[in-house]
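Here's the structure, in structure tokens; my notes come after.
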Amino acid sequence: MYDSILIPTDGSDAASTAARYGLALAERFDATVHVLSIVDPDRFVTDAVGDVDDLIRRQEKRLHERARADVDRVAAESPVPVETHVVEGRPSAVLASAIDDYGADLVAMGTHGRSGVDRYLFGSLAERTLRTAHVPVLTVREVEGDATVDEILIATDGSDGAERASAHAVAIAAASGARLHVLTVGDDDGPARSLAARAREAGVDATVAVRTGRPHEAILDYADEAGVDLVTLGSHGRTGVERVLLGSVAERVLRAATTPVLVVGP
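Given below as structure tokens:
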């Protein structure tokens, strides 16, 4: 499922947590890991005093060392290859190019970054990446403990987007030995039961849950009740008044979720 995983980092706690999850997935899928530190010169020019070029060079070096240290703490016992990169430029553009340059088929990143004058914030970068990336994006808040995934939630409305997301949920569940919770919000549980049946055929322990109410609230409540370790969503769902729109649902879940969220786009 995954051959190359990209982990952008700014050394924040959330980015370090995302690295743990990215490395854990890389180990399960035998994927190559690329750790990327981005130096945004525009962040320093406004507030810098003195030699701006020297400041950027020193910041590049510091970010490179931090990225290596952040990943090495998690990857010390990992058998998967880890490559680090320091690139100067606008973060969103650099990250978009890196996805293609490194052949990434998954991005694992923190939802929030370091604060301060000389550090760029990851919140807006994560949001922009989620909206534009053509590969799945795993967003992670700062979470204590290891990157164990035992309970995976997939929310489905039967749309193509949900079906694409389900393939990732089933693959991760199979590789992790995790239980898959298939959730639908509304009266039609057909797509959920069909997905659960396919998951069981793949050797995954799957259970179906049906909830009513506002979709994002139902997803968040169920994730909390079931002790879910990973929420998986399609970024776009069915259109129409009576259909769950996973696009808006995904955004609301992302903003409120305390567990890692994997968003699979078109």
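Residue numbers (UniProt numbering): 1 to 266. Ideal Cβ placement from N, Cα and C applies to all residues, glycine included.
Using 8 Å for Cβ pairs, my map puts Ala-104 next to Val-135. What's the rounded Cβ distance?
Confirmed, Cβ separation roughly 6 Å.
To which residues does DSSP link Ser-37 through a beta bridge?
Per DSSP, Val-86.
Strictly by DSSP, which residues pair up with His-181?
His-181 is bridged to Leu-153, Thr-207.
Residues in the same chain with beta-carbon distance under 7 Å from Val-253, minus the five sequence neighbours each way, listed in chain order, please.
Taken in chain order, the residues that qualify are His-216, Ile-219, Leu-220, Val-231, Leu-233, Val-261.
DSSP state of Gly-145, grouped into three classes?
Gly-145: coil per DSSP, three-state reduction.
Measure the CB-CB distance between Val-140 and Ala-18 and report whether it falls below 7 Å.
Their beta carbons are under 7 Å apart, which means Val-140 touches Ala-18 by this criterion.
Comparing alpha-carbon positions, which option in Asp-157, Glu-144, Ala-93 lies nearest Arg-128?
Per the Cα distances, Ala-93.
How big is the Cα-Cα spacing for Ala-173 and Asp-54?
One alpha carbon belongs to Ala-173, the other to Asp-54, and they sit about 47 Å apart.
Between Val-82 and the ligand FAD, is the CB less than 6 Å from at least one heavy atom?
Among the components modelled here there is no ligand, and therefore nothing to report on the ligand FAD.
Can you give me the C-alpha to C-alpha distance between Asp-229 and Asp-189, rounded to a whole angstrom?
When rounded, the distance between both Cα atoms is 23 Å.
Anticipated Cβ contact below 8 Å, Leu-25 with Tyr-102, distance rounded:
Taking a contact as a CB-CB distance under 8 Å, the pair Leu-25 and Tyr-102 does not count as one, their CB atoms being some 15 Å apart.
Please report whether the beta-carbon of Glu-142 lies at a distance below 7 Å from any beta-carbon of chain D.
Chain labels in this structure do not include chain D; a single protein chain is all it has.
Using alpha carbons as the reference points, say which of Ala-226, Val-170, Asp-187, Leu-130 lies closest to Glu-201.
Residue Val-170 is the option with its Cα nearest to Glu-201.
Helix, strand or coil: which one does DSSP assign to Pro-266?
In this structure, Pro-266 counts as coil in the three-state DSSP scheme.
Quick one: what's got a C-beta closer than 6 Å to Arg-255's C-beta in the same chain, skipping five residues either side?
Around Arg-255: no qualifying Cβ.
Who are the near neighbours of Glu-142 in its chain, counting only those whose CB is closer than 6 Å to its CB and skipping five residues on each side?
Excluding positions up to five away in sequence, the list reads Asp-13, Ala-14, Thr-17.
Nearest residue (CA-CA) to Thr-184, options Ser-194, Ala-175, Gly-177:
Comparing Cα-Cα distances from Thr-184 to each of Ser-194, Ala-175, Gly-177, the minimum goes to Ser-194.
Would you call Arg-58 buried or exposed, if buried means 16 or more other Cβ atoms sit within 10 Å of its Cβ?
By the neighbour-count rule (16 or more Cβ atoms within 10 Å), Arg-58 is not buried but exposed.
With distances taken Cα to Cα, identify the nearest neighbour of Arg-62 among Ile-38, Ala-196, Ala-155.
Minimum Cα-Cα distance from Arg-62 among the listed residues Ile-38, Ala-196, Ala-155 corresponds to Ile-38.
Ordered along the chain, which non-local residues of its own chain (more than five positions away) have a Cβ less than 6 Å from that of Val-264?
For Val-264, where only same-chain residues beyond five positions count, the Cβ hits under 6 Å are Pro-136, Arg-164, Ala-165, His-168, Gly-234.
Just curious, the beta strand (DSSP E) that Thr-232 is in, first and last residue?
Bounds of the beta strand (DSSP E) holding Thr-232 are 230 to 234.
Tell me which residues share the same chain as Asp-205 and place their Cβ nearer than 6 Å to its Cβ, disregarding the 5 neighbours each side in the sequence.
The beta carbon of Asp-205 is closer than 6 Å to those of Arg-179 in its chain, skipping five residues each way along the sequence.
Identity of the residue in Thr-156, Leu-125, Ala-250, Ala-147 nearest residue 289 by Cα
Because the chain is modelled from 1 through 266, residue 289 falls outside the range shown and cannot be assessed.
Supposed close pair Val-33, Pro-81 - CB separation, criterion 8 Å
Between Pro-81 and Val-33 the Cβ distance is about 7 Å, and since that is below 8 Å, they are a contact.
Going by beta-carbon coordinates alone, are Gly-22 and Ala-98 separated by less than 7 Å?
No, the pair does not count as a contact, with Cβ atoms beyond the cut-off.
Going by CA-CA distance only, name the one from Val-86, Glu-27, Ala-69 that's closest to Leu-36.
Answer by Cα proximity: Val-86.
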